[in-house]
Structure formats: C-alpha cells, structure tokens
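Just below is one structure, and these are the notes that go with it.
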Amino acid sequence: MKKALSIILSLLLFMSLVSCDKNEGEDKSAAVIETENAISAIGNVSIDSKKAIEKAEKLYDILSDSEKEQVENRLRLVEAREKYDHLEKINIASKALEMLEQVSSMCASALGDIENVWELGLNETKKESSSTVFYSIASKTKFTVSEIKTAASSCNISGDNCVNGTSSTSAWKYCTWVVMEAHKEKGTYTTINSLLSQVELMIEQMENENPEYPFIASLTTYCSELSSYASFFESPTGTLSELSTMRFNLLQISDFHSDTIKTDILLAEDFFY
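Under the numbering used here, think of the first position of the sequence shown as 276, with each following residue one higher.
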C-alpha cells in the first residue's frame, strides 16, 4: 500500500514539474511576436525611424504585463527611442542654425544695399539726373530698376529728392529710404522676423525637453545677437562708417557662432557612435 502510494505521489510530482516547465516555455502570443517583429524592423535608428519606433511602442503598450516580459528585445525599443530623441534634437539644432545663417545672410546683404546707396547719395547722385538716379540705385543693390521705382513711388520719393535732397533732408537719406522700402515690399523684414520667431520656438522646445545640450545655449546667443542686427537693419542710425562697421561685425560674429554651433552638433552626433 505504501509502495503504491509512493508511486502515485511520484507520478503527481512528475506531472506537476512537467506542467511548470510547460507554462514557463509556453508559446508566445501573436501580439508578443508582432511586437518583437516591429522592434526588429526598426533597424539602424535614423531621423527617419519615427514611424517604426512609434508603431513598436504602440504594440508594446497594449500588451499585458506578463506579455511585456516575454518581449525579448524590449530593451532594444528603449534604446531606439533614446537614440531617436537624441537625433531629433540634433536635427532641430541643425535646422535652427540654417535658419539663423539665412537671417545673417539676408541682414548682411540688405545692410550692404543700404551702405552702397548711402555712399551713392553722399558722393555721386549730384552727378545724376532725376530720370537716371533710380538706375544708379538699382545698380548698387540687388533690385531691378522697376522695383526701385515702385518703392520710390510707394513712399512718395522723387528722383529729384535722391539727387538734390530737400531743405530738411539729405539726398542720401532719400536713397536709403527707397532701398528700405524695396526690402519691405520684397518681404525681407517679414522673412527675417519670421525666421527668428521660428528659431526661438525651436530653442524653447529643446530647452523644455533637454536643456543640457551645449548647442542650445550657443543658438540662444546667436539668435539674440541677430535679433539686434535685424532691429538695426529695420531702422539704421549713426553714420555711414558706423553702418559699415555694423555689417562687418555681423559677418564676424556669424562666422564665430556658426563654427561654434557646428562643433557642438558634431560632438553631440558622436554621443551614440
């Protein structure tokens, strides 16, 4: 009897162990397999991996806790998300830098136009006639004669104003006002202010998500300094010499900040490699 009971208990114990092994090694659900496949499909993470990562995350999030533990490559998903977020910050910083460089180029070019016609109004327009002065102004800028004439008409400035001035206003001022109006009508001011506003929002986004990236501070400084030059461009003051110095300084600080930010971005790119 005891022998029979011992055999029965042994069989029950064996069956219990087999049952445990079966539960531990039970097949993964279709949802788990689909999630693992989605994670594997991410491949090498790049700035184009957003949809693949979000798809895998969505599949993983709807799994039960026990199913999540069965996802063998779940850590790969975490790593992919971290790397993508890192690359996204770098991408945003690169775009912000491109936009700031565009602002710098536009400001420098426009200040160059103003500087050229300022000098023209000081030294050469008296040699012109009221019918030819707009051709000379156009030749000193990147505008066509038609654009210069339209701008002059918009602000009620005549060719004679640009040649002889008036009792209260010098000819060079009329020349610069015409060019500034031409830039206004072309949308130069609007474009510059729009680009600066976009960059400010991009910087704010990066600061809120991860303020530790060094290029954030560099971009902030560059954006702030360019805003000052943009304001000066909208309403230049001082002398021709001071305007020339401002333009030279703009080019210098732009080169410096651009190189600094590019270096910061390159260092950040090396973080995951």
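Backbone N, C-alpha and C define an ideal beta-carbon position, used for all residues, glycine too.
Are there 16 or more other CB atoms within 10 angstroms of the CB of residue i, so buried, or fewer, so exposed?
i, result
"residue 372", "buried"
"residue 531", "exposed"
"residue 336", "exposed"
"residue 390", "buried"
"residue 308", "exposed"
"residue 302", "exposed"
"residue 350", "exposed"
"residue 529", "buried"
"residue 375", "buried"
"residue 409", "buried"
"residue 326", "exposed"
"residue 474", "buried"
"residue 296", "With a pLDDT of 46 at residue 296, under the threshold of 50, the modelled position of that residue is not reliable, and the figure given next carries that caveat. By the neighbour-count rule (16 or more Cβ atoms within 10 Å), residue 296 is not buried but exposed."
"residue 368", "buried"
"residue 485", "exposed"
"residue 319", "exposed"
"residue 512", "exposed"
"residue 310", "buried"
"residue 344", "exposed"
"residue 542", "exposed"
"residue 288", "Confidence in residue 288 is poor, its pLDDT being 43 and thus under 50, which makes the residue's placement unreliable; the coordinate value appears in the next sentence. Classification of residue 288: exposed, given that the 10 Å Cβ count is below 16."
"residue 299", "At residue 299 the pLDDT is 48, less than 50, meaning the model places this residue with poor confidence and gives no usable figure here."
On the premise that residue j lies in contact with residue i, defined as a C-beta separation below 8 Å, what is that separation, rounded to the nearest angstrom?
i, j, result
"residue 536", "residue 490", "5 Å"
"residue 331", "residue 306", "About 12 Å; that fails the 8 Å criterion."
"residue 518", "residue 352", "Incorrect: roughly 56 Å between the Cβ atoms, too far for contact."
"residue 416", "residue 460", "Not confirmed; about 13 Å, so no contact."
"residue 435", "residue 405", "4 Å"
Restricting to Cα atoms, I'd like to know which of the options is closest to residue i.
i, options, result
"residue 413", "402, 401 and 427", "427"
"residue 487", "353, 540, 401 and 323", "540"
"residue 468", "456, 381 and 543", "381"
"residue 545", "474, 358, 354 and 340", "358"
"residue 493", "436, 315, 533 and 317", "533"
"residue 440", "430, 407 and 401", "401"
"residue 407", "417, 387, 360 and 433", "433"
"residue 471", "360, 452 and 378", "378"
"residue 388", "451, 311 and 504", "451"
"residue 456", "429, 442 and 437", "429"
"residue 323", "345, 356 and 502", "356"
"residue 498", "513, 476, 485 and 516", "476"
"residue 339", "304, 523 and 525", "304"
"residue 501", "512, 515, 524 and 514", "524"
"residue 526", "496, 514 and 384", "384"
"residue 329", "511, 442, 360 and 342", "360"
"residue 317", "392, 511, 348 and 538", "348"
"residue 505", "515, 495 and 521", "521"
"residue 431", "442, 453 and 344", "453"
"residue 354", "315, 538 and 515", "315"
"residue 458", "509, 503 and 437", "509"
(message) Check whether the stretch 462-470 and the stretch 405-425 touch, using three or more Cβ-Cβ pairs below 8 Å as the test.
(response) no
(message) Under 8 Å, with one C-beta from each stretch per pair, do the stretch 390-401 and the stretch 445-463 reach the 3-pair mark?
(response) yes
(request) Examine the Cβ distances between the stretch 479-496 and the stretch 359-376 and report whether three or more of them are shorter than 8 Å. (result) yes
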